[in-house]
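Chemist: Mature numbering (1 follows the signal peptide of the UniProt record, and there is no 0) puts the sequence shown at residues -16 to -1, 1 to 249.
Using N, Cα and C, we set each Cβ at its ideal position, and we do this for glycine too.
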Amino acid sequence: MQRVSIILLWITSVWAHPFSKFVPIKDLGPRIINGQPASLGQFPWQVAIYVTVPGATNLCGGALISDTWVLTAGHCVQDATNFRLALGSNQLSGDDSNRVVQSTEQFVQHEDYNQFTLDNDVAVIPLPSPVSFNDNIQPIALAESALDADTVVTVSGWGLTSDGGDGASNDLNYVDLVTISTNDCSAAYGSSIGDGVICAQGDGAEVHSTCEGDSGGPLVIDAGSNPVHVGIVSFGHSDGCESGKPAGFARTYFYRDWIRDTTGV
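#1: For phenylalanine 117, is the classification buried or exposed, using 16 other Cβ atoms within 10 angstroms of its Cβ as the cut-off for buried?
#2: Enumerate in chain order the residues of its own chain whose CB-to-CB distance from histidine 213 is below 8 angstroms, with the five nearest sequence positions on each side excluded.
#3: Does glutamine 185 pass the burial test, meaning 16 or more other C-beta atoms within 10 Å, or should it be called exposed?
#4: Can you list, in chain order, the residues of its chain whose CB lies under 6 angstroms from that of valine 85, leaving out five sequence neighbours each side?
#5: Please name the residue, chosen from Ser218, Val162, Gly143, that lies closest to serine 153 on a Cα-to-Cα basis.
#6: Is the Cβ-Cβ distance between histidine 238 and aspartate 179 less than 9 angstroms?
#7: Taking the straight line between their C-alpha atoms, what separation do you get for leucine -8 and phenylalanine 100?
#8: Would you tell me roughly how many angstroms separate the C-alpha atoms of alanine 172 and glutamine 20, rounded to the nearest one?
#9: Can you give me the C-alpha to C-alpha distance between lysine 10 and glycine 45, rounded to a whole angstrom?
#10: In this structure, does DSSP put histidine 213 in helix, strand or coil?
#11: Would you list the one or two residues that DSSP bridges to valine 115?
#12: How is serine 153 classed by DSSP in three states: helix, strand or coil?
#13: With distances taken Cα to Cα, identify the nearest neighbour of aspartate 119 among Arg83, Pro38, Gln62.
#14: Do the segment 132 to 140 and the segment 91 to 105 make contact, defined as three or more Cβ pairs closer than 8 angstroms?
#15: Comparing C-alpha positions only, which one of Leu24, Ile216, Ala32, Ala234 sits nearest to glutamine 76?
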């Protein structure tokens, strides 16, 4: 089977202005792709990560897993020189007394990360100072067992709300997806799907998906009661975010030992 190309789900400011210092942010309406806006404190583990790389600033998501560690995608830290991490707020811009911001140059990328195949697309970023937990800032538990197909999951992020979008959503959005089998995902992507990847897509006629800018963000089960982190937003299909094709996530359980050995969490 021919391998289908994949796209990374980050946003970079290099599109129109290679010297821009910030990711372009627009009010693009209440969706990731046909999602809805999150309420304050609904996803208290969500982290916005501004990634400085040579010539650009990229936007990624992440998940707080302790008072000092953030879990994100391996491709989000590739070639990075600095990170600005924002916690506690659903908005990327504007005054918000709930927002806590820290900056660091430190990260740990999986030693076997492959930027061409996206194998082992996982990384962690240590916060320079422990954060205090409150209603809007809380860590999320990590999966300790494998996740089956046909499981309802929730993904959140500030990514594009359409393929034609030209900037991140200012508001945190979320959408429910359903996991699919590796075989079904391989039918869409070819041989690029390994054991460390879980795929999910919308369930129904309306397209639901992640898009550029959502990279590194958390895929979660039981988001409203006992939330557990089960995946890291990794890639989408080259046909586009609105194609209805499944999105790919680094499988949290597959990397659980690596996360524990690296962070102690």
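Modeler: Checking against the coordinates, here is how it stands:
#1: Position 133 of the sequence shown, counted from the start, is the residue given in the question as residue 117. Counting Cβ neighbours within 10 Å, phenylalanine 117 comes out exposed, since fewer than 16 surround it.
#2: Position 229 of the sequence shown, counted from the first residue, corresponds to residue 213. Here the set comprises Trp29, Ala47, Ile49, Leu55, Ile124, Ala125, Leu126, Ala127, Pro202, Leu203, Val204, Thr236.
#3: Translated into positions along the sequence shown, residue 185 becomes position 201. Flag for glutamine 185 reads buried.
#4: Residue numbering aside, residue 85 sits at position 101 when the sequence shown is read from its first letter. Correct list, in chain order: Ala70.
#5: Working through the sequence shown from its first residue, we reach residue 153 at position 169. Checking every option, the nearest Cα to that of serine 153 belongs to Gly143.
#6: In the sequence shown, counting from the first residue as 1, residue 238 sits at position 254. In the sequence shown, counting from the first residue as 1, residue 179 sits at position 195. With the sequence shown as reference, residue 238 is identified as phenylalanine, and histidine is not the correct amino acid for it. Yes, the pair counts as a contact, with Cβ atoms nearer than the cut-off.
#7: To locate residue -8, count along the sequence shown from 1; it is residue 9. To locate residue 100, count along the sequence shown from 1; it is residue 116. In this prediction, leucine -8 scores a pLDDT of 47, lower than 50, which makes its location untrustworthy; the coordinate-derived value is nonetheless stated afterwards. Straight-line spacing of the CA atoms in leucine -8 and phenylalanine 100 works out to 14 angstroms.
#8: The residue you call residue 172 lines up with position 188 of the sequence shown. The residue you call residue 20 lines up with position 36 of the sequence shown. Using only the alpha carbons, I get a separation of about 26 angstroms.
#9: Counting from 1 along the sequence shown, the entry for residue 10 is found at position 26. Counting from 1 along the sequence shown, the entry for residue 45 is found at position 61. No answer about lysine 10 holds up, because its pLDDT of 34 lies below 50 and its placement is not dependable.
#10: Taking the sequence shown and counting its residues from 1, one reaches residue 213 at position 229. In the three-state reduction of the DSSP assignment, histidine 213 falls in the strand class.
#11: As a working mapping, residue 115 is identified with position 131 in the sequence shown. For valine 115, DSSP records no beta bridge to any residue.
#12: Numbered from 1 along the sequence shown, position 169 holds the residue referred to as residue 153. Serine 153 falls in the strand class under three-state DSSP.
#13: One-based indexing of the sequence shown puts residue 119 at position 135. Answer by Cα proximity: Arg83.
#14: Touching, no.
#15: Stepping through the sequence shown from its first residue, residue 76 is reached at position 92. Just to set this straight, residue 76 is leucine in the shown sequence, not glutamine. Measuring from the Cα of leucine 76, the nearest candidate turns out to be Ala32.
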